[in-house]
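Q: Protein chains in written order, with our numbering: chain A, 4 to 281; chain B, 4 to 106. Backbone N, C-alpha and C define an ideal beta-carbon position, used for all residues, glycine too. Keep in mind the model is a prediction, meaning the values are calculated, not measured. One structure, as structure tokens, below. Some questions next.
The following block contains the structure:
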């Protein structure tokens, strides 16, 4: 089955991963701007990083027939540094018109500090002013509930925000209702240990339905699986869910959400079309 | 499109046949972890906030109430939604530390 990985940090993965994803049906990835694993020393790093996301990664993905889209921001892990945040926010507009940039993301909070929240609000303001899609990172583990509550409250206070243009990612059992009930899209990230397993993701689909929900691998430089979505598909099938239901989550829903950006155009519009490798 | 009534399509018998061995293994891993903690050469973690939350979560498992995952998620969560004044650490711990810096 063809699928779209809504959240994949491919700059952290090797080329074999692109091949494995293509062989398992991946036709497109969207790559939010990420944290390098250490705090950056200079804003110049981000100019290089955004160049990679907009030029190099699309070429690498295309070699395996995968369309590569991306999101730009200062990742929440570095949101505490307000000086860096302001410098990166000045760089982002240089890259926003690039053909594979879908919007601002993944923005949010990490340890849920006052500075991180200020950086988040700055990014939201930029997105609203320029009518961009927004991809949101919610913090992990003990900070998940608190961070998601602070983020959704902040978004609800933004009068000009279109909630249907916001994906609140890394949703879990204790946060999914506050995301969906407020009109946002919810993302489930299939990641070992610190996020949701494919089993728990299927449980959430069974409990909350298939509207405004997408899945992603969130594969990055940590222990993670670039083919987590095929494992999710396999579990859905094992439980007896229909092919139409599965396709809605892994293909139709991402197309509906990402398609709100006019730059998102899949070459393979037929879900069962044969891949044409470039 | 399928309509859900929040149910898992598999029967309980199917869930047992499919997953009992996997969950049995998880159960034994938890038991072995707790035994290992008791056998530890140095008893310096009995008051650790993570293990206190762990034991509280185990109690939640033994009730007949639904939504066990959500209840345990909340036991392991920081209930205070006031942002920290400053970042204390970069990464999270997995359970809320009531004595964390920055609050």
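What do you reckon, are the CB atoms on residue 191 of chain A and residue 234 of chain A nearer than 9 Å?
A: Not closer than 9 Å, so no.
Q: If you scan the segment 28-54 of chain A from start to end, which runs of the alpha helix (DSSP H) of 4 or more residues do you find wholly inside it?
A: Segments of the alpha helix (DSSP H) lying fully in the segment 28-54 of chain A: 47-54.
Q: Per DSSP, what kind of secondary structure is residue 126 of chain A in: helix, strand or coil?
A: Reduced to three states, the DSSP call for residue 126 of chain A is helix.
Q: For chain A, find out if any of its Cβ atoms is closer than 9 Å to the Cβ of residue 97 of chain B; answer yes or no.
A: Closer than 9 Å to some Cβ of chain A, the Cβ of residue 97 of chain B qualifies, so yes.
Q: Would you say the segment 41-58 of chain A touches the segment 251-262 of chain A, given that touching needs at least three Cβ pairs under 8 Å?
A: Contact fails: fewer than three Cβ-Cβ distances are below 8 Å.
Q: Name, in chain order, the residues that DSSP records as bridge partners for residue 269 of chain A.
A: Beta-bridge pairing links residue 269 of chain A to no other residue.
Q: Does DSSP classify residue 36 of chain B as helix, strand or coil?
A: It is helical.
Q: Quick one: which chain B residues come within Cβ less than 8 Å of residue 242 of chain A?
A: Correct list: 11, 12 and 13.
Q: Which residues does DSSP list as the beta-bridge partners of residue 111 of chain A?
A: Paired residue(s): A:140.
Q: How many Å lie between residue 158 of chain A and residue 188 of chain A at the Cα?
A: So the alpha carbons of these two residues sit roughly 13 Å apart.
Q: Can you tell me whether residue 23 of chain A is helix, strand or coil according to DSSP?
A: Correct three-state label for residue 23 of chain A: helix.
Q: Which chain B residues are close to residue 116 of chain A, counting only those with a beta carbon under 9 Å from its beta carbon?
A: What residue 116 of chain A touches in chain B: 86, 87, 88, 89, 90, 91 and 105.
Q: Looking at C-alpha atoms only, which residue of A:136, A:238 and A:140 is the closest neighbour of residue 166 of chain A?
A: Nearest of A:136, A:238 and A:140 to residue 166 of chain A, Cα basis: A:136.
Q: Can you tell me whether residue 247 of chain A is buried or exposed? The criterion is at least 16 other CB atoms within 10 Å of its CB, across all chains shown.
A: Per the 10 Å Cβ criterion, exposed.
Q: Could you give the residue range of the alpha helix (DSSP H) that holds residue 191 of chain A?
A: Note, residue 191 of chain A: premise wrong, no alpha helix (DSSP H); beta strand (DSSP E) at 188-192.
Q: Shortest alpha-carbon distance to residue 39 of chain B belongs to which of B:26, B:25 and B:54?
A: Answer by Cα proximity: B:54.
Q: Sorted by chain position, which residues of the same chain lie with C-beta nearer than 8 Å to residue 200 of chain A's C-beta, five sequence neighbours on each side aside?
A: Excluding residues within five positions, the ones whose Cβ falls inside 8 Å are 193.
Q: To the nearest angstrom, report how far apart residue 20 of chain B and residue 66 of chain B are at their CA atoms.
A: Approximately 23 Å, taken between the alpha carbons.
Q: Look up residue 71 of chain A in the DSSP assignment and say whether it is helix, strand or coil.
A: Here residue 71 of chain A sits in strand by DSSP.
Q: In terms of alpha-carbon separation, which member of A:28, A:76 and A:134 lies closest to residue 91 of chain A?
A: Nearest of A:28, A:76 and A:134 to residue 91 of chain A, Cα basis: A:76.
Q: Tell me where the beta strand (DSSP E) around residue 219 of chain A begins and ends.
A: Per DSSP, residue 219 of chain A belongs to the beta strand (DSSP E) from 216-219.
Q: If we cut at 9 Å on Cβ distances, does residue 142 of chain A have a partner in chain B?
A: True, the Cβ-Cβ gap to chain B drops below 9 Å.
Q: Within 9 Å of any Cβ in chain B, is that where the Cβ of residue 119 of chain A sits?
A: With 9 Å as the cut-off, residue 119 of chain A counts as an interface residue toward chain B.
Q: Closest to residue 30 of chain A by C-alpha separation, out of A:56, A:20, A:67 and A:101, would be which residue?
A: Checking every option, the nearest Cα to that of residue 30 of chain A belongs to A:67.
Q: Could you tell me whether the Cβ atoms of residue 203 of chain A and residue 175 of chain A are closer together than 9 Å?
A: Result yes, Cβ atoms of residue 203 of chain A and residue 175 of chain A sit closer than 9 Å.
Q: Looking at C-alpha atoms only, which residue of A:39, A:227, A:109 and A:207 is the closest neighbour of residue 72 of chain B?
A: Selected option, being the one with the closest Cα: A:207.
Q: Name the two residues that bound the continuous alpha helix (DSSP H) containing residue 77 of chain B.
A: Counting along the chain, the alpha helix (DSSP H) containing residue 77 of chain B begins and ends at 71-78.
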